[in-house]
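Student: Would you mind keeping the following structure in view while I ask a few things?
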Amino acid sequence: MMNDRAARSVAPQGKDTPAGLSSLEERYAQELMTRTQGFRDVLLSYMKEVQKERISMANNLEVQLLSLIEVCDGLSGYIRQYEGKNVEGFGWIVTVYSSLLQRLEQAGVAKIPIEKGEPFDDIRHEIINLADRPPKILVRPTVRYVAMPGYYLKNKVLRKARVEVDWAPRPGVSGR
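This note's numbering numbers the first residue of the sequence shown as 1418 and each following residue consecutively.
What follows is the structure in structure tokens.
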């Protein structure tokens, strides 16, 4: 028979006891939680950077599309001015203009439909000129002339249409 002292020396002590195992498990669980939290923080930081980059790319795309629209506006003015005249290179200009419009359409850009006489809408229109002074009787402004078309980019206004407005009487109101 073993004496009590010998039994204690052979019996598991410290880490190998059930209390020691639970302590070891707790340390491993804590370390795992710490590493998991670190990984989560890195992942969240990465996701934020990707989101910032996407926003930057979208803004950059809008700037580039606006630049192309300005070029198209210039070409459109040239085409209107020299249409029907025998100008060298006119056909090439029309081809470039058509190609640029096609590229804009492929990128999701569409003209804002505007008709003469429609009510002024500050979301889609930018006033470049008022036809007259506003009358004394309350009236609403309406589109008189579209100087430059506006454009949507996937249902978002990319550039407002530049319009002249006139003062149209409200329904049921007459005179100026």
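For every residue, glycine included, the Cβ atom is placed at its ideal position computed from N, Cα and C. Predicted model, so just to flag it, every value in this text is computed and none were measured.
Assuming Tyr1575 and Glu1479 form a contact by the criterion Cβ under 8 Å, report the distance between their Cβ atoms to the nearest whole angstrom.
Tutor: In the sequence on display, residue 1575 carries Leu and not Tyr. So it is a contact: roughly 6 Å between Cβ atoms.
Student: Taking Tyr1562 and Glu1532 to be in contact with their CB atoms under 8 Å, please state how far apart those CB atoms are, rounded to whole angstroms.
Tutor: Actually they do not touch by this definition, with Cβ atoms about 11 Å apart.
Student: Please state the DSSP three-state secondary structure of Val1488.
Tutor: helix
Student: Enumerate in chain order the residues of its own chain whose CB-to-CB distance from Leu1492 is below 8 Å, with the five nearest sequence positions on each side excluded.
Tutor: Ile1510, Val1513, Tyr1514, Leu1517
Student: Alpha carbon to alpha carbon, how far is Ser1462 from Tyr1569?
Tutor: 33 Å
Student: Answer yes or no: do Leu1521 and Leu1482 have a C-beta to C-beta separation smaller than 8 Å?
Tutor: yes
Student: Is it buried or exposed for Lys1573, if we count other Cβ within 10 angstroms and need 16 for buried?
Tutor: exposed
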